[in-house]
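Student: For the sequence shown, our numbering gives the first residue as -15, with consecutive numbering after it. For every residue, glycine included, the Cβ atom is placed at its ideal position computed from N, Cα and C. Bear in mind the structure is a predicted one, so any value in this text is a computation, not a measurement.
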Amino acid sequence: MEDKREIKAKKSQKKQVHLFYCVECEELARKVAAQSDLITLQSINWRNFADGWPNLYINSAHDIRGQHVAFLASFSSPGVIFEQISVIYALPRLFVASFTLVLPFFPTGSFERMEEEGDVATAFTMARILSNIPTSRGGPTSLVIYDIHALQERFYFSDHVLPLFETGIPLLKQRLHQLPDANNIVIAFPDDGAWKRFHKMLDHFPTVVCAKVREGDKRIVRIKEGNPAGCHVVIVDDLVQSGGTLIECQVLSYLLPAVLLKMCVSEFEWVLTF
-15 MEDKREIKAK KSQKKQVHLF YCVECEELAR KVAAQSDLIT LQSINWRNFA
35 DGWPNLYINS AHDIRGQHVA FLASFSSPGV IFEQISVIYA LPRLFVASFT
85 LVLPFFPTGS FERMEEEGDV ATAFTMARIL SNIPTSRGGP TSLVIYDIHA
135 LQERFYFSDH VLPLFETGIP LLKQRLHQLP DANNIVIAFP DDGAWKRFHK
185 MLDHFPTVVC AKVREGDKRI VRIKEGNPAG CHVVIVDDLV QSGGTLIECQ
235 VLSYLLPAVL LKMCVSEFEW VLTF
């Protein structure tokens, strides 16, 4: 049997992480911290001056020296990005052992390429901003992004950060297998882009591939491949902005003899309705 010294030595080898978070991610951060006693929640005072510019303060700044630090961000709108970037740039400079940025949503994911002269690939701009995060004592920042729109966007980041692309698909599969009628599920992809992005991760489920076609000023979703009749339909998309495509898929499913289970996978955003 291991004696107390060996157990203590093993515990000391495990990495204690100090987790900071933005206002929008407070609930998620608390859920994450509740999963492990190796995660300690830290806080930031998110305030504003009278003119609206951020007035920020990192609590316990002295206590995180030499510690492993992570920040849970939410770039849900342009208005909240600047204040979070300010904190993200400041944390590695506090003499921390390592710094990890977790970004559940990469907001400019659908603007990763130029189709004609004059287009601005804002995904590249965002990647350049994140690539300039200062290094910590342990080296470059580890940048964890969930379900980015296109995997080739990893080449937009410089060598000053280490991008790691994760996916929420395993959580989706786990949830689906827990359903009482798990053997009667069809995965529906709203377009070829969503199919290319996720079909290999869901290849053990029957699939339906839809296509977007224009009829005058309207964009209509039609079934291109597969038959969802009599099945639970799980809609998996790679990006959601207005939600128009999901609504069209829902309407299409209701017109067929199918029981609808709608789930949207959009860079770690989940919408589940029965």
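In the structure shown, what three-state DSSP assignment does S115 receive?
Tutor: Within the sequence shown, the letter at position 131 stands for residue 115. Residue state, collapsed to three classes: helix.
Student: Taking the CB atoms as reference points, tell me whether G50 and F79 lie closer together than 8 Å.
Tutor: Residue mapping note: residue 50 aligns to position 66 of the sequence shown, counting from 1. Residue mapping note: residue 79 aligns to position 95 of the sequence shown, counting from 1. Yes; because the gap between Cβ atoms is below 8 Å, this pair is in contact.
Student: Tell me whether the segment 107 to 124 and the segment 139 to 158 touch, counting them as touching only if at least three CB pairs, one residue from each stretch, are closer than 8 Å.
Tutor: In short, these stretches touch, since the Cβ pair count reaches three.
Student: Count the other CB atoms within 10 Å of the CB of D131; is the residue buried (16 or more) or exposed (fewer)?
Tutor: One-based indexing of the sequence shown puts residue 131 at position 147. By the 10 Å Cβ count, D131 comes out buried.
Student: Please go through the same chain and pick out, in chain order, the residues whose beta-carbon is closer than 6 Å to the beta-carbon of A195, but skip the five residues on each side of it.
Tutor: The residue you call residue 195 lines up with position 211 of the sequence shown. Contacts found: R206, K208.
Student: Indicate the three-state DSSP secondary structure (helix, strand or coil) for C194 in the structure shown.
Tutor: Start at 1 with the first residue of the sequence shown, and residue 194 comes out as number 210. In the structure shown, C194 sits in a strand (DSSP, three-state: E or B).
Student: Could you tell me the distance, in whole angstroms, from the CA atom of F180 to the CA atom of N43?
Tutor: Here the question's residue 180 lines up with position 196 in the sequence shown. Here the question's residue 43 lines up with position 59 in the sequence shown. The sequence given here has Lys at residue 180, not Phe. C-alpha separation (whole angstroms): 44 Å.
Student: Given a threshold of 16 other Cβ atoms within 10 Å of its Cβ, counted over all protein chains shown, does T109 qualify as buried or as exposed?
Tutor: As a working note, residue 109 is residue 125 in the sequence shown. T109 comes out exposed.
Student: Could you compute how far the alpha carbon of E137 sits from the alpha carbon of D47?
Tutor: For this step, residue 137 is matched to residue 153 along the sequence shown. For this step, residue 47 is matched to residue 63 along the sequence shown. Computed Cα separation, rounded: 36 Å.
Student: Could you name each continuous beta strand (DSSP E) segment of 3 residues or more that falls completely within the segment 46 to 80, going from the start of the chain to the end?
Tutor: The qualifying runs are 52 to 56.
Student: Taking the continuous alpha helix (DSSP H) assigned at W179, which residues delimit it?
Tutor: As a first step, residue 179 is located in the sequence shown; it is residue number 195 there, counting from the start. Segment 176 to 182, the alpha helix (DSSP H) holding W179.
Student: Three or more beta-carbon pairs under 8 Å between the segment 156 to 175 and the segment 210 to 225, yes or no?
Tutor: Contact between the segment 156 to 175 and the segment 210 to 225 is present, because at least three Cβ pairs lie under 8 Å.
Student: Here's a check: name, in chain order, each residue in its chain whose Cβ is nearer than 6 Å to the Cβ of E67, leaving out the five neighbours to either side.
Tutor: On the sequence shown, residue 67 is found 83 positions in, with the first residue counted as 1. P38.
Student: Take V16 and list the residues in its own chain whose beta-carbon comes closer than 8 Å to its own, dropping the five residues that flank it on each side.
Tutor: Reading the sequence shown from its first residue, position 32 is the one you call residue 16. For V16, where only same-chain residues beyond five positions count, the Cβ hits under 8 Å are L3, I23, L56.
Student: Could you give the residue range of the alpha helix (DSSP H) that holds E10?
Tutor: The count along the sequence shown starts at 1 and reaches residue 10 at position 26. Element bounds for E10: 10 to 17.
Student: Answer with buried or exposed for F197, where buried requires no fewer than 16 other C-beta atoms within 10 angstroms of its C-beta.
Tutor: Counted from its first residue, the sequence shown places residue 197 at position 213. For the record, residue 197 in the displayed sequence is Val; it is not Phe. Under this definition V197 is an exposed residue.
Student: Where P88 and A18 are concerned, what is the direct C-alpha to C-alpha distance, given to the nearest angstrom?
Tutor: For the purposes of this step, residue 88 is taken as residue 104 along the sequence shown, with counting starting at 1. For the purposes of this step, residue 18 is taken as residue 34 along the sequence shown, with counting starting at 1. Rounded to whole angstroms, P88 to A18 spans 18 Å at the Cα level.
Student: If we call anything under 8 Å between Cβ atoms a contact, is I65 one with F90?
Tutor: Stepping through the sequence shown from its first residue, residue 65 is reached at position 81. Stepping through the sequence shown from its first residue, residue 90 is reached at position 106. Their beta carbons are not under 8 Å apart, which means I65 does not touch F90 by this criterion.
Student: What three-state label does DSSP hand Y84 in the structure shown?
Tutor: Translated into the one-based positions of the sequence shown, residue 84 becomes position 100. According to the sequence provided, residue 84 is Thr. The question's Tyr does not apply to it. Strand.
Student: Under the rule that 16 or more other beta-carbon atoms within 10 Å means buried, what is Y5, buried or exposed?
Tutor: As a working note, residue 5 is residue 21 in the sequence shown. Answer is buried; the Cβ neighbour count reaches 16.
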